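A quick write-up on the structure given underneath.
Structure representation (structure tokens):
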């Protein structure tokens, strides 16, 4: 799951920083009287660190721009099923609540009152994707369900006192012939 | 220009101490409010959603406010050593802040307002009977009053910097960065204050504009605002304002750590360039809050994604690395002040990691508005900014070179470090498990993390109480000019 990757990459980076700070803390006790040579070495190391960051982060930054959730897939072979979604305090209205595994779904999401967030959760309560529901605007969320089951749509933008209970259910059926 | 060999440190003005005392008292109160929210999610107590969301709104608004107030205390204390700020304006900002706090508290606690501190239009004015229009006006008006106070403060900083350095460009060190100025570049405190002033003046005007539009909307419902425009304005203001708090507080690190290590924190070209870059980036990064608003212009969302990555460079390569550089083999004699300031650099740098990752569009798709978000901002605000503030307070509380600290302080520090990072990691892990943020009640799968977080939050509060009591008990030393820094080993 991408959630796990996000967690482990973050923990690794934070852990690395903690180790570096601990190393410097431990090495701070004895003074190197002449700071200039130490400073010059540190500046050289900083230049290398800068380029290491450039060479690491820039490819990651660009790679993560390749597959954005904003666009329809270029090679879509099956026409998506369109579901109109309207959020209002404090319920979801979906034009259809049954979809099929493997068929792309286009959720066209808007709001009748305040800002909401339309987040799709699987049976294990893992967030698969989301978009904002905003009055006067329609955001299109595209998703292809890969497994049958009961999914839930939760509100992902604070919208008032019943925000946490603003839930809808979505049934994903197995494709015919499976 | 700050001299790193200087041994006598200025005492704090009473106005700075008033900022700090107000800040830390509200901080501790709001930490307790935060604990109540976690206890509610952990199902240890039963406040009910009405109280939960009221406390959530109070916690958010107050924490942002006192982060700004505490950061401003640090900024003013050190900036006063280089430029001539108006004490009346500094005091006026505090008076307006307190007036705003009263209005906000009344709107929430008396009027039942619980529209969230981000005041996302049209929720605050769409009450559905949950709160009256007076409550909304008190809350929005309170924010406006506080914003006016900070606008006055920053305009005065702009005036004072311009008077001393010729222009705001001079305060940012541009004559040295882009020209061939032979004079001494401005000190870090001036560079940081100038940057904060530039971005905050713009942000406060934008924030005040949307607040005024919403106040008009309360009384004239036919006057409406485009929700997407309102969202852009709210997040632009909110992002810049909360980030500026760290850029003010980090001045304590720039000013105090060099005194402990007897090594200068030079405002060389790399330093000046990074602060100029931060000035630009903090203004243009805000669309990373709108990555899930698919109707936004795509170039703006990609801009937010890209700047999120670039923004880590000044934090890691300049400030974080700069701190490591002057501490390594410095012979520093550690005390509570220096340890907390050193810790703050780790907190800020570490918090920037899950933050920039969350600013990645494909990650935001599955992490936006989960507990991952409070996970990263609690890391750099609590372990970063709050550590800077507590470090500054311990520093002011010293009457001389002796630290005057006890085993209780050291135990509290370790408790703060371990429980603090544990607490923020619990948030992040909950986010990894897709736990939604701003929920009064969590599904059973998420509750165990809330329970663990509650224990860790209680430990953080215990540690913060020790820091606060120590500061209050040593307040009389804070106004004195004194040699506060312990000498280095072999120095």
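Chains as they are written, first to last, in this note's numbering: chain A, 1 to 178; chain B, 179 to 669.
Built from N, CA and C at the ideal position, the CB exists for glycine as well.
Every value quoted in this text rests on a predicted model; they were computed, and no experiment measured them.
Asked	Found
With DSSP as the reference, please indicate the residues paired to residue 94(A) in a beta bridge.	85(A)
Under 8 Å between C-beta atoms, does residue 72(A) make it to chain B?	no
How far does the alpha helix (DSSP H) with residue 454(B) in it extend, from its first residue to its last?	447 to 462
On the three-state DSSP scale, how would you describe residue 151(A)?	strand
What first and last residue would you give for the beta strand (DSSP E) that runs through residue 120(A)?	116 to 121
Could you give the distance in angstroms between the alpha-carbon of residue 551(B) and the alpha-carbon of residue 544(B)?	11 Å
Look at the alpha carbon of residue 96(A) and the alpha carbon of residue 150(A), and state the distance between them as a whole number of angstroms.	14 Å
Could you name each continuous alpha helix (DSSP H) segment of 4 residues or more that falls completely within the stretch 295 to 359 of chain B, going from the start of the chain to the end?	311 to 343, 346 to 349, 352 to 355
Please state the DSSP three-state secondary structure of residue 645(B).	helix
Could you compute how far the alpha carbon of residue 391(B) sits from the alpha carbon of residue 634(B)?	41 Å
At what residues does the beta strand (DSSP E) containing residue 10(A) begin and finish?	Run containing residue 10(A): none in the beta strand (DSSP E); it sits in the alpha helix (DSSP H), 2 to 26.
I'd like to check one pair, residue 275(B) with residue 247(B): are the Cβ atoms closer than 8 Å?	yes
Could you give the distance in angstroms between the alpha-carbon of residue 321(B) and the alpha-carbon of residue 52(A)?	43 Å
Spatial neighbours of residue 402(B) within its chain, please: CB distance less than 6 Å, with the 5 preceding and 5 following residues excluded, ordered by chain position.	none
Could you check how far apart the C-beta atoms of residue 476(B) and residue 591(B) are, in whole angstroms? I think they sit under 8 Å.	Contact doesn't hold; Cβ gap of about 47 Å is too wide.
State yes or no: is the beta carbon of residue 475(B) nearer than 8 Å to at least one beta carbon in chain A?	no
With a threshold of 8 Å between beta carbons, is residue 56(A) in contact with chain B?	no
Decide if residue 191(B) is buried, meaning its Cβ has at least 16 other Cβ atoms within 10 Å, or exposed.	buried
In the DSSP assignment, what residue or residues form a beta bridge with residue 140(A)?	108(A)
Would you say residue 44(A) faces chain B, with C-beta separation under 8 Å as the test?	no
At which residues does the alpha helix (DSSP H) containing residue 132(A) begin and terminate?	Taken as a continuous stretch (DSSP letters only), residue 132(A) belongs to no alpha helix (DSSP H), being part of the beta strand (DSSP E) at 127 to 133.
Please list the partners that residue 532(B) has in chain A, where partner means a Cβ-to-Cβ separation under 7 Å.	10
Give the secondary structure of residue 225(B) by DSSP, where H, G and I count as helix, E and B as strand, and everything else as coil.	coil
Residues of chain B with CB under 7 Å from residue 2(A), in chain order?	544
Going by DSSP, name the residue or residues bridged to residue 169(A).	152(A)
Less than 8 Å between CB atoms is the rule here; does residue 18(A) satisfy it with respect to chain B?	yes
For chain A, is any of its Cβ atoms less than 8 Å away from the one on residue 606(B)?	yes
Taking Cβ-Cβ distances below 8 Å as the criterion, which residues of the stretch 133 to 150 of chain A are in contact with chain B?	134, 135, 136, 137, 138, 139, 140, 141
List the whole-angstrom C-beta distance separating residue 558(B) from residue 526(B), where the pair is believed to meet the contact cut-off of C-beta under 8 Å.	5 Å
Can you confirm whether the stretch 623 to 640 of chain B touches the stretch 570 to 581 of chain B when touching is taken to mean that 3 or more C-beta pairs between the two stretches lie within less than 8 Å?	no
Quick check for students: name the residue ranges of the beta strand (DSSP E) that lie wholly in the stretch 187 to 255 of chain B, counting only runs of 3 or more.	none
Have a look at the DSSP bridge pairing and note the partners of residue 660(B).	187(B)
Judging by CA-CA distance, which residue of 83(A), 2(A), 139(A) is the nearest neighbour of residue 171(A)?	83(A)
Taking residue 486(B) and residue 537(B) to be in contact with their CB atoms under 8 Å, please state how far apart those CB atoms are, rounded to whole angstroms.	3 Å
Just curious, the alpha helix (DSSP H) that residue 124(A) is in, first and last residue?	Run containing residue 124(A): none; DSSP gives neither H nor E here.
Note down, in chain order, each residue of its chain lying with its Cβ closer than 8 Å to the Cβ of residue 380(B), except the 5 sequence neighbours on either side.	418, 461
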